[in-house]
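Heads up, the sequence shown is in the numbering used here, so the first residue is 179 and it goes up one at a time. C-beta: ideal position from N, C-alpha, C; glycine also. Bear in mind that the values here come from a model prediction, so they are computed numbers and not experimental data. Shown next, in structure tokens, is the structure this report addresses.
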Amino acid sequence: MDSVTGLPPLLSRKEIEEICLAGENAAREYVLSVLDRHLIRSLNVRVTSEQSPAGLDFNADVEIQVDPIVDMDLERLAEAAADHALEVIDEKVRAKRVA
């Protein structure tokens, strides 16, 4: 699980949901840019947010199951997809702060 920490709680619930959805979509797109859709048996992406003393924290989890013919480090791919999701989330939050 990767996370972005310490963001201010200045976002509405709807904005947080939109940001989480953007992160989920980014992670899915990342995986699909590397693997053919037909080789993927299961792709689970979960992006969550929670309030902490440091601010608003976002977490991204990606789980991938593929056809046995695929010879790839799926943990590394899942981690890269989660990192990409958090980069997109960070961009969205920064854009909201500027707006």
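Beta-ladder partner(s) of residue i, from DSSP
i: D239; result: R224
i: V244; result: I218
Alpha-carbon to alpha-carbon, residue j and residue i
i: A260; j: P246; result: 23 Å
i: I197; j: V271; result: 7 Å
i: V189; j: R275; result: Note that residue 189 corresponds to Leu in the displayed sequence, not to Val. Roughly 9 Å separates the two Cα atoms.
i: D249; j: P231; result: 42 Å
i: Q229; j: F236; result: 9 Å
Beta-carbon contacts of residue i that lie in its chain and below 6 Å, excluding the five residues immediately before and after
i: L185; result: Its pLDDT being 47, under 50, L185 is placed unreliably by the model, and nothing is read from it.
Boundaries (first-last residue) of the alpha helix (DSSP H) holding residue i
i: L280; result: Outside the shown range of the chain, which is 179 to 277, sits residue 280, and nothing can be said about it.
Cβ distance (whole Å) where residue i is taken to contact residue j below 8 Å
i: G201; j: V240; result: In fact, because the Cβ distance is near 10 Å, the residues do not count as touching under 8 Å.
i: L221; j: I242; result: 6 Å
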